[in-house]
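Per my numbering, the very first residue in the sequence shown carries number 129; after that it's consecutive. Heads up, the thing below is written out as structure tokens.
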Amino acid sequence: MILIAAAASVAASSPTPQPVQKAGADHYVWGGVNDGWHLVKRDDLSVIEERIQPGAAEVRHHHEQARQFFYVLAGELTMEAAGRTHRLTAGQGIEIAPGVPHQAQNRSAAPVEILVTSTPKSHGDRVEAPLAR
């Protein structure tokens, strides 16, 4: 899959769109088993493709400033947001406003692949929820 977006290496003010592909994107592992690829990595915009393994979940948290949109490419994502649980499948997405506690989970038996778009970037803007007692 190739997405047309401003590449991370292109200055934010550059008017020239550049093709971006997962194969050349910065890769990271989170939660020990899940993958993320930074397709666009700027201060004003972040687009990440993630693969979340069965049974895995991110830590419940919110963002002070970042507004996020989670879009399911393949599989099934469970998103808990503001006390409600949403089951999303391929072709569905959900917007999470700044300050809204949320947690992406994969409760299915197969990996889920998603796009996470954040504006501004969400890294460094995350506040983890206190652990339940």
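We treat Cβ as the ideally placed atom computed from N, Cα and C, and that holds for glycine.
May I ask you to list the residues that DSSP assigns as paired with residue i?
i: S246; result: S174 and Q196
i: T213; result: E208
i: V161; result: In the DSSP output, where bridge partners are listed per residue, V161 has none listed.
Taking C-beta to C-beta, are residue i and residue j nearer than 7 angstroms?
i: A153; j: L173; result: no
i: L216; j: L205; result: yes
i: E177; j: K150; result: yes
i: D171; j: P258; result: no
i: G80; j: A238; result: As shown, the chain starts at 129 and ends at 261. That puts residue 80 outside it, with no answer to give.
Determine, using beta carbons only, whether residue i comes closer than 7 angstroms to chain D.
i: L173; result: The structure shown contains no chain D; it is built from a single protein chain.
Pick helix, strand or coil for residue i, following the three-state DSSP scheme.
i: A151; result: helix
i: Q146; result: strand
i: E186; result: coil
i: H166; result: strand
i: G221; result: strand
i: A237; result: coil
i: V255; result: strand
i: Q231; result: strand
i: L131; result: Reliability of the predicted coordinates at L131 is poor, the pLDDT of 44 falling under 50, and the value obtained from them is presented with this limitation in mind. Note: L131 maps to strand in three-state DSSP.
Assign residue i to one of two classes, buried (16 or more other C-beta atoms within 10 Å of its C-beta) or exposed (fewer than that).
i: G165; result: Correcting the residue identity first, residue 165 is Trp in this sequence and not Gly. By the neighbour-count rule (16 or more Cβ atoms within 10 Å), W165 is buried.
i: S246; result: buried
i: V240; result: buried
i: Q196; result: buried
i: V255; result: exposed
i: V157; result: exposed
Any heavy atom of the ligand MG closer than 6 angstroms to the beta-carbon of residue i?
i: V244; result: This structure lacks the ligand MG; in fact it carries no ligand of any kind.
Counting pairs of beta carbons, one from the segment 211–230 and one from the segment 182–195, are three or more of them closer than 8 angstroms?
yes
Take every Cβ of the segment 209–216, pair it with every Cβ of the segment 178–188, and state whether three or more of those distances are shorter than 8 angstroms.
no
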